[in-house]
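In what follows, a single structure is set out as structure tokens and then discussed.
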Amino acid sequence: MDERPEPERTRREGVASIPITLADGHAWGLALPSPRLRPKVIVSVDPLARPVETIRVETVLGYPLEIRRLIDDLRSACERGTADCQYDTLIRLASALIQRAHEIGPADVASLLKVGLDDLPSLVGSVLWIVTGEYLETPDSSRKNDVDA
Amino acid sequence: MGDSRPMRDLIEHKRRKKGARGRLVQLADGEPWLLAEPAFRPSLAGLTTPDVDAEFGRFHEQIILGDEVSLDDVFSVARNLLLANYDLTNDEVAQLLEVEAGLEAEALARVVLESLFGADLRVRSYGDWVRASLLANGLALGEIPASAINDVLTILMATNRTVPPSQFVDACRAARDRDSLERLV
Numbered sequence: 009m010d011e012r013p014e015p016e017r018t019r020r021e022g023v024a025s026i027p028i029t030l031a032d033g034h035a036w037g038l039a040l041p042s043p044r045l046r047p048k049v050i051v052s053v054d055p056l057a058r059p060v061e062t063i064r065v066e067t068v069l070g071y072p073l074e075i076r077r078l079i080d081d082l083r084s085a086c087e088r089g090t091a092d093c094q095y096d097t098l099i100r101l102a103s104a105l106i107q108r109a110h111e112i113g114p115a116d117v118a119s120l121l122k123v124g125l126d127d128l129p130s131l132v133g134s135v136l137w138i139v140t141g142e143y144l145e146t147p148d149s150s151r152k153n154d155v156d157a
Numbered sequence: 065m066g067d068s069r070p071m072r073d074l075i076e077h078k079r080r081k082k083g084a085r086g087r088l089v090q091l092a093d094g095e096p097w098l099l100a101e102p103a104f105r106p107s108l109a110g111l112t113t114p115d116v117d118a119e120f121g122r123f124h125e126q127i128i129l130g131d132e133v134s135l136d137d138v139f140s141v142a143r144n145l146l147l148a149n150y151d152l153t154n155d156e157v158a159q160l161l162e163v164e165a166g167l168e169a170e171a172l173a174r175v176v177l178e179s180l181f182g183a184d185l186r187v188r189s190y191g192d193w194v195r196a197s198l199l200a201n202g203l204a205l206g207e208i209p210a211s212a213i214n215d216v217l218t219i220l221m222a223t224n225r226t227v228p229p230s231q232f233v234d235a236c237r238a239a240r241d242r243d244s245l246e247r248l249v
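Right, here's the structure in full:
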């Protein structure tokens, strides 16, 4: 039986997101940047003045490299790309942000992102609002963050 | 849209060193990379290549004492194993190994621990037994003709220099258990 995915049943635990209404009329989540742990190399010297590398955990706020590359693609498309290219890169990024917030397959995401022309500006606005970091500076009371991280 | 532009040429096959080998692990770019398998060779300089001696000892202590393993050490080992196979800067390694606390960090720790200690539920084959028997007897460097391998293994067993396959190979152990069960029935 073909079962349509639902936002609440597919939500990934602990992933902060903002809600956005997609083609099925339900509010899905676009994943927000989250604290990420990475190795930081600290170079010091031992008693014989030889360099010694120590690894410490550093915390940064952001997306994994996979999504940062999609943001980079969107930036390039906005600077130099055609409208089609801008649309494609934006949809790829939106898909990745939805899949980061929900356990859902690519075919389902593609179908959810078939929004009408009326809803497209809202999708574009939400994605840009997140990836430009504006959400950090202009908290919008109409966008209730379902932050459970 | 933020300041950091991820390196466009941080592509697995472009950075891979000749002869790279190990286990495939999906890193933060979503692509599989090869994490080298450390080799153990005791010498004056240390035990492992790439050198993960200090972390190896600390992991063992933490596991035995029931403590959590340190993420500093997990990153340190993962970095060494990655650098053994790829040409990468420190910043590139950091970007690739980046994880979220929780499931992602636990997955990386599991991969690193399995690289050092082997998988918990690994099925041991006849080939694993032959290899382990030869390694345990210092016969890894010599070449043994296939026609002689059974004689060598028979002598190793007869002189108690290896365990019988029935105590080591999972298929043999399963067959032995099945036979005992049939005798009971």
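Protein sequences appear in the order of chains A and B.
Under this note's numbering, the first residue of the first sequence is numbered 9, with each subsequent residue one higher.
Under this note's numbering, the first residue of the second sequence is numbered 65, with each subsequent residue one higher.
For each residue, glycine too, the CB sits at the ideal point set by N, CA and C.
Small disclaimer: the values here were computed from a predicted structure and weren't measured.
Per the DSSP calculation, residue i is bridged to which residue(s)?
i	result
Val65/A	Pro47/A
Gly37/A	Pro27/A
His110/A	Arg19/A
Leu88/B	Leu98/B
Tyr150/B	Arg80/B
Quick one: using the 10 Å Cβ neighbour count with 16 as the cut-off for buried, is residue i buried or exposed?
i	result
Tyr190/B	exposed
Phe139/B	buried
Glu85/A	First, the residue type needs correcting, since residue 85/A is Ala and not Glu in the sequence shown. Result: buried.
Glu111/A	exposed
Asp73/B	exposed
Phe123/B	buried
Thr153/B	exposed
Glu162/B	buried
Gly33/A	exposed
Taking the straight line between their C-alpha atoms, what separation do you get for residue i and residue j?
i	j	result
Thr140/A	Glu178/B	39 Å
Pro41/A	Arg20/A	14 Å
Leu146/B	Asp137/B	14 Å
Cys93/A	Glu119/B	47 Å
Val123/A	Arg83/A	22 Å
Arg80/B	Val65/A	25 Å
Leu199/B	Arg85/B	20 Å
Pro96/B	Asp96/A	25 Å
Ala31/A	Leu125/A	11 Å
Asp207/B	Lys82/B	Looking at the sequence shown, residue 207/B is not Asp but Glu. Glu207/B and Lys82/B: Cα-Cα distance of roughly 25 Å.
Thr223/B	Asn201/B	12 Å
Pro129/A	Val116/B	52 Å
Leu220/B	Leu129/B	36 Å
Arg87/B	Arg17/A	34 Å
Cys236/B	Asp215/B	19 Å
Asp67/B	Gly70/A	Residue placement at Asp67/B is flagged as unreliable, the pLDDT there being 43, under the threshold of 50; the coordinate-derived value follows with that caveat. Going from the Cα of Asp67/B to the Cα of Gly70/A covers about 11 Å.
Pro5/A	Ile63/A	Nothing can be reported for residue 5/A, as the shown portion of chain A is limited to 9 through 157.
Asn149/B	Ala100/B	6 Å
Thr218/B	Ala239/B	20 Å
Val187/B	Leu108/B	34 Å
Pro114/B	Thr29/A	50 Å
Ala102/A	Leu98/B	29 Å
Ala169/B	Arg58/A	32 Å
Arg105/B	Ala183/B	20 Å
Ala171/B	Glu87/A	38 Å
Val53/A	Glu61/A	8 Å
Leu131/A	Asp81/A	17 Å
Val175/B	Gly121/B	17 Å
Leu203/B	Arg225/B	12 Å
Can residue i be considered in contact with the ligand GDP, in the sense that its beta carbon sits closer than 7 Å to one or more heavy atoms?
i	result
Ile26/A	Absent from the structure shown: the ligand GDP. Ligands present: none.
What is the C-beta distance between residue i and residue j, in whole angstroms, given that I count them as a contact (C-beta under 8 Å)?
i	j	result
Ala35/A	Pro27/A	4 Å
Val133/B	Ala173/B	6 Å
Arg108/A	Val23/A	6 Å
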